[in-house]
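*Asks:*
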DNA sequence: GCATTATAACTAATGACATTAGTTTTGGCA
DNA sequence: TGCCAAAACTAATGTCATTAGTTATAATGC
């Protein structure tokens, strides 16, 4: 019974690997234990059960996503920045499908870490929308639109929603350009 | 041991109720059996295990969604039709959250029913995009955009993604108007 | 260096599931 | 009325998560 020197972070990384390989639903404590060559009850020394592990994955995902997208917008502004951010977002979702699943399957219970990670992501979007000079409310609407668009594309793509023989990236670019065009054109309040 | 007179459709409806009440993950054969006052192995007379039940729910969901949205666009064209369709879509997702979950958690295995239900939904979008006079490719891009937007909003809303004190419906309307505006404005191919 | 102690591993056990095999009942039809 | 297929059942297996209680080990204090 050698001590394996596991810690929370090691578990997290291994868990993310399992999720990426076989989907978040396949992430069981049994599978994780097997991967780490340990009996499943041992995991409880580092993690508070499966829900806790999944919540930790959510935070982990958001942090990586912030890192990735923040990196993608360095030295860019306006439409360029947005297109770059969106590209990075979607590549992230594709390369880490299981981790990305954890992103939106957020547990209702909110804790400190999760909130601050989400806030960071929002801040990134806020800064990137600044140059558009939309008002506060409209900026928030626009950000929700971007997030929804990105999540929609990512989620549908992940679940095999785009079967048509047509590149998803081209759809994304087309749609983003139309949306941004629309933002530029109608900088006025919504008309009744 | 009285015969309960269960059939596949009864199971489906009861299953959808459970999913709507407690989430798709809570839909277990055990729970369904209890709801129907039957032992869980009995369910296998009508359904081929949990995966089959979930697949059936997916088809059920898409059919209801087609019905609902088709109804919403009767007598409307252009932006009006789209706004109405989108409103109906999102109301559907809100009112049947568990069923809607089944929509996008599509099993990779495709069968006849599922494909034809999906095709019907696509056809509805195709017809509604006709008056925009975009080319074939661009119409498909635009439809993907609409679907992604709708799914993104629905999914994020369902998972508590919009916490800001700002009506989701207003965001949807704002974003849709911008997107449609953009479609109208840039009817030309994407420029490099 | 040695004893103590907290920790990280373990084994054993329970209870919820899904699923399969094999059994009984029953409703409809010849 | 008797037969049969369908629809219910019981029993059993295997996979999980989780808890309780045990043992080994590493780090700490002396």
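Residue numbers (full-length UniProt numbering), protein chains in the order written: chain A, 1 to 192; chain B, 1 to 192.
Each residue gets a CB set at the ideal place from its N, CA and C atoms; glycine is no exception.
As the structure is a prediction and not an experimental result, all values here were calculated from the model.
1) Nearest-angstrom Cα distance between residue 14(B) and residue 36(A)?
2) Can you check which of these residues, 88(B), 48(B), 58(B), 7(B), is closest to residue 69(B) by C-alpha distance?
3) For the segment 153 to 166 of chain A, which residues have a beta carbon sitting closer than 8 angstroms to at least one beta carbon of chain B?
4) Between the alpha carbons of residue 152(A) and residue 133(B), how many angstroms are there, rounded?
5) Is the CB-CB distance between residue 129(A) and residue 117(A) below 8 angstroms?
6) On the three-pair Cβ rule with 8 angstroms, is the segment 9 to 26 of chain A touching the segment 93 to 100 of chain A?
7) Please give me, in chain order, every unbroken run of the alpha helix (DSSP H) with length at least 4 that falls completely inside the segment 1 to 51 of chain A.
8) Quick one: residues in its chain with C-beta nearer than 8 angstroms to the C-beta of residue 119(B), no 5 flanking neighbours on either side, listed in chain order?
9) In the DSSP assignment, find the alpha helix (DSSP H) that holds residue 162(A) and state where it starts and stops.
10) With distances taken Cα to Cα, identify the nearest neighbour of residue 163(A) among 41(B), 63(B), 166(B), 144(B).
11) Three-state secondary structure (DSSP) at residue 74(B)?
12) According to DSSP, simplified to helix, strand and coil, what is residue 110(A)?
13) For residue 192(B) and residue 109(B), what's the separation of their Cα atoms in angstroms?
14) Going along chain B in order, which residues have a C-beta closer than 8 angstroms to the C-beta of residue 174(A)?
15) How big is the Cα-Cα spacing for residue 42(A) and residue 3(A)?
16) Check the Cβ-Cβ distances between residue 179(A) and every residue of chain B, and say whether any is below 8 angstroms.
17) When the cut-off is 8 angstroms and only beta carbons count, does residue 104(A) lie next to chain B?
18) Less than 7 angstroms separating the Cβ of residue 101(B) from some heavy atom of the ligand ADP?
19) Measuring straight from C-alpha to C-alpha, what distance separates residue 102(A) and residue 102(B)?
20) Show which residues of chain A have a CB atom less than 7 angstroms away from the CB atom of residue 151(B).
21) For the segment 156 to 176 of chain B against the segment 69 to 87 of chain B, are there 3 or more C-beta pairs whose distance is under 8 angstroms?
22) When the distance is taken between beta carbons, is residue 156(B) closer than 8 angstroms to residue 54(A)?
23) List the endpoints of the continuous alpha helix (DSSP H) containing residue 97(A).
24) Using 8 angstroms as the threshold, is the C-beta distance between residue 11(B) and residue 60(B) below it?
25) So, with DSSP's three-state summary, where would you put residue 133(B)?
26) Let me check understanding here. Comparing Cα to Cα, which of 140(A), 154(A), 150(A) lies closest to residue 183(A)?
27) Which word fits residue 26(B), buried or exposed, when buried means at least 16 other C-beta atoms lie within 10 angstroms of its C-beta?
28) At the level of alpha carbons, what is the spacing between residue 7(B) and residue 65(B)?
29) So residue 28(A) contacts chain B; which residues on that side make the cut at Cβ distance below 9 angstroms?
30) For chain B, find out if any of its Cβ atoms is closer than 8 angstroms to the Cβ of residue 69(A); answer yes or no.
31) Would you please verify whether the beta carbon of residue 22(A) is less than 8 angstroms from any beta carbon of chain B?
32) Classify residue 191(A) as helix, strand or coil using the three-state DSSP reduction.
33) Based on Cα-Cα distance, which residue from 94(A), 90(A), 111(A), 112(A) lies nearest to residue 172(A)?
34) Can you find the residues in the same chain that come closer than 8 angstroms, C-beta to C-beta, to residue 32(B), ignoring five residues on each side of it along the sequence?
35) In chain B, which residues lie with their C-beta within 7 angstroms of the C-beta of residue 10(A)?
*Replies:* Let me lay it out:
1) Here residue 14(B) refers to the residue found at position 14 when the second chain is read from its first residue. Here residue 36(A) refers to the residue found at position 36 when the first chain is read from its first residue. Roughly 40 angstroms separates the two Cα atoms.
2) Taking the second chain and counting its residues from 1, one reaches residue 69(B) at position 69. Residue 69(B) has its Cα closest to that of 88(B), out of 88(B), 48(B), 58(B), 7(B).
3) 153, 155, 156, 159, 160, 161, 162, 164, 166
4) In the first chain, the residue the question calls residue 152(A) occupies position 152. In the second chain, the residue the question calls residue 133(B) occupies position 133. So the two alpha carbons sit approximately 25 angstroms from each other.
5) Stepping through the first chain from its first residue, residue 129(A) is reached at position 129. Stepping through the first chain from its first residue, residue 117(A) is reached at position 117. Not in contact: residue 129(A) and residue 117(A) (Cβ atoms no closer than 8 angstroms).
6) yes
7) 8 to 22, 29 to 35
8) Position 119 of the second chain, counted from the first residue, corresponds to residue 119(B). Contacts found: none.
9) Along the first chain, read from residue 1 onward, the residue named residue 162(A) stands at position 162. Careful: residue 162(A) lies outside any alpha helix (DSSP H) and carries neither H nor E.
10) Position 163 of the first chain holds residue 163(A). For residue 163(A), the nearest C-alpha among the options comes from 144(B).
11) The count along the second chain starts at 1 and reaches residue 74(B) at position 74. Coil, per DSSP.
12) Looking up residue 110(A) in the first chain gives position 110. Three-state result, residue 110(A): coil.
13) In the second chain, counting from the first residue as 1, residue 192(B) sits at position 192. In the second chain, counting from the first residue as 1, residue 109(B) sits at position 109. Bear in mind that the predicted position of residue 192(B) carries a pLDDT of just 32, short of 50, making it too unreliable to give a figure here.
14) Walking along the first chain from the start, residue 174(A) turns up at place 174. 138, 141, 142, 145, 190, listed in chain order.
15) As a working mapping, residue 42(A) is identified with position 42 in the first chain. As a working mapping, residue 3(A) is identified with position 3 in the first chain. About 11 angstroms.
16) Within the first chain, residue 179(A) is the residue found at index 179, counting from 1. Yes, residue 179(A) counts as interfacial toward chain B.
17) As a first step, residue 104(A) must be located in the first chain, where it is residue number 104. Yes, residue 104(A) counts as interfacial toward chain B.
18) The ligand ADP is absent from the structure shown, which contains no ligands of any kind.
19) Here residue 102(A) corresponds to residue number 102 of the first chain, with the count starting at 1. Here residue 102(B) corresponds to residue number 102 of the second chain, with the count starting at 1. Going by the C-alpha atoms only, they are around 17 angstroms apart.
20) Locating residue 151(B) in the second chain gives position 151, where the first residue counts as 1. Residues of chain A passing the Cβ test: 152, 155, 156.
21) yes
22) As a first step, residue 54(A) is located in the first chain; it is residue number 54 there, counting from the start. As a first step, residue 156(B) is located in the second chain; it is residue number 156 there, counting from the start. It is not a contact, given that the beta carbons lie outside the stated cut-off.
23) Within the first chain, residue 97(A) is the residue found at index 97, counting from 1. Residues 97 to 104.
24) As a working note, residue 11(B) is residue 11 in the second chain. As a working note, residue 60(B) is residue 60 in the second chain. Their beta carbons are not under 8 angstroms apart, which means residue 11(B) does not touch residue 60(B) by this criterion.
25) Along the second chain, one-based indexing puts residue 133(B) at 133. Correct three-state label for residue 133(B): coil.
26) For the purposes of this step, residue 183(A) is taken as the residue at position 183 of the first chain. Comparing Cα positions, the closest option is 140(A).
27) Reading the second chain from its first residue, position 26 is the one you call residue 26(B). By the 10 Å Cβ count, residue 26(B) comes out exposed.
28) Along the second chain, read from residue 1 onward, the residue named residue 7(B) stands at position 7. Along the second chain, read from residue 1 onward, the residue named residue 65(B) stands at position 65. So the two alpha carbons sit approximately 23 angstroms from each other.
29) Walking along the first chain from the start, residue 28(A) turns up at place 28. Under the 9 angstroms cutoff, chain B gives no residues; its nearest Cβ is about 14 angstroms from residue 28(A).
30) As a working mapping, residue 69(A) is identified with position 69 in the first chain. Not one chain B Cβ lies under 8 angstroms of residue 69(A).
31) For this step, residue 22(A) is matched to residue 22 along the first chain. By this cut-off, residue 22(A) is not an interface position.
32) In the first chain, residue 191(A) corresponds to position 191, counting from 1. Confidence at residue 191(A) is low in this model, with a pLDDT of 40, below 50, so its placement is unreliable and the value that follows should be read with caution. Looking at residue 191(A) - three-state DSSP - the assignment turns out to be coil, as it is neither helix nor strand.
33) Translated into positions along the first chain, residue 172(A) becomes position 172. The candidate whose alpha carbon is nearest that of residue 172(A) is 90(A).
34) Here residue 32(B) corresponds to residue number 32 of the second chain, with the count starting at 1. Around residue 32(B): 11, 14, 15, 18, 40, 43, 53.
35) Looking up residue 10(A) in the first chain gives position 10. By Cβ distance, chain B contributes nothing, its closest Cβ being about 27 angstroms from residue 10(A), past 7 angstroms.
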